[in-house]
Amino acid sequence: IVAIVIGTSPLVLLSGIGAMAAVFSFIFKDTILSLVAGVLLSVNDMLRIGDWIEMPAYGANGDVVEITMNTVKVKNFDLTITTIPAYALISDSFKNWRGIIESGGRRIMRSVSIDLDSIKICDDEMHERFQSIPELKDLIEKDKSLTNLAVFRIYLDEYLKRHPMIHQNIIQIVRQLPPTTQGVPLEVYAFSKDLDWVNYEGLQAEIFEHIFAVISDFDLRIFQEPSAEALRKVADARYS
16 IVAIVIGTSP
26 LVLLSGIGAM
36 AAVFSFIFKD
46 TILSLVAGVL
56 LSVNDMLRIG
66 DWIEMPAYGA
76 NGDVVEITMN
86 TVKVKNFDLT
96 ITTIPAYALI
106 SDSFKNWRGI
116 IESGGRRIMR
126 SVSIDLDSIK
136 ICDDEMHERF
146 QSIPELKDLI
156 EKDKSLTNLA
166 VFRIYLDEYL
176 KRHPMIHQNI
186 IQIVRQLPPT
196 TQGVPLEVYA
206 FSKDLDWVNY
216 EGLQAEIFEH
226 IFAVISDFDL
236 RIFQEPSAEA
246 LRKVADARYS
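Quick note on my numbering: the sequence shown kicks off at 16 and runs consecutively.
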């Protein structure tokens, strides 16, 4: 009808409308994508002001400070600001830490590599020594075939259970990871009660400083690549 009124061919009219639609969709592509993304983010509750998100593709790792129709602004922990297109949060992947924050804990997941050559079955002297540690006394009396690594792992588990700043209502575990050419990784997996970044890092440091300080009491060694100085001393000793 419109084609008849304006006195033109319907085919020409449809072609013109199609061309105009293509032009408008090209011009307003980002706006349309962002509008759709904004609706999806809102309906699915994927993002809120104050959420801590990570999006490596855009170098974002911090708190969401602004959400608009077209963009999302993230204040990174180094105080820089990253601006992310809203549609990128739908088309790409990002990590939202809201669930961890709402749980009241912040995850600690770090490992230390144990030298394989230092792992052994506990002898009588070690049994006697470990029985003086309150956390291990009952265990040592029940099982005489434990390795020093098993004893150390159980000790660390008890240490975490007794630590006042470790969340006891969320899973925690000290576990072995698959051995590598750099030893057996022993991983601490737990949650800090304190969500503040500085205090959280301080707690992580405290736990691993304790590990470094007591590991020799279990006749274990931490695996460490030889330094240039160590290699030089070996060479000097060989040729002296």
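Every residue gets a Cβ at the ideal spot worked out from N, C-alpha and C, and that includes glycine.
Computed from a predicted model, the values in this text were never measured in an experiment.
Apart from sequence neighbours up to five positions away, the residues of its chain that approach R121 with a beta-carbon distance below 8 Å are I115, F206, S207, D209, L210, Y215, ordered along the chain.
Fewer than three Cβ pairs drawn from the stretch 99 to 112 and the stretch 135 to 150 lie within less than 8 Å of each other, which leaves the two stretches out of contact.
Of the candidates D172, I226, V127, P193, the residue whose Cα lies closest to the Cα of Q183 is D172.
Ranked by Cα distance from L56, the first of I82, S242, G74 is I82. The criterion of a C-beta distance shorter than 9 Å is satisfied by F92 and N76. Inside the stretch 105 to 133, DSSP marks whole alpha helix (DSSP H) runs of 4 or more residues at positions 113 to 118, from first to last along the chain. Every beta strand (DSSP E) of 3 residues or more that sits fully in the stretch 139 to 212 is shown, in chain order, as 188 to 191, 199 to 207. The C-alpha of I237 lies about 5 Å from the C-alpha of I129.
Judged by their CB atoms, I96 and M70 are not nearer to each other than the 9 Å cut-off. DSSP links T98 through a beta bridge to K88.
The alpha-carbon of E117 is positioned some 25 Å away from that of Y174. Rounded to whole angstroms, the gap between the alpha carbons of R168 and L50 is 52 Å. Membership of N76 in the beta strand (DSSP E) is indicated by the continuous run 75 to 82. The beta carbons of R113 and E150 sit no closer together than 9 Å. DSSP places E69 within a strand segment (E or B) once states are collapsed to three.
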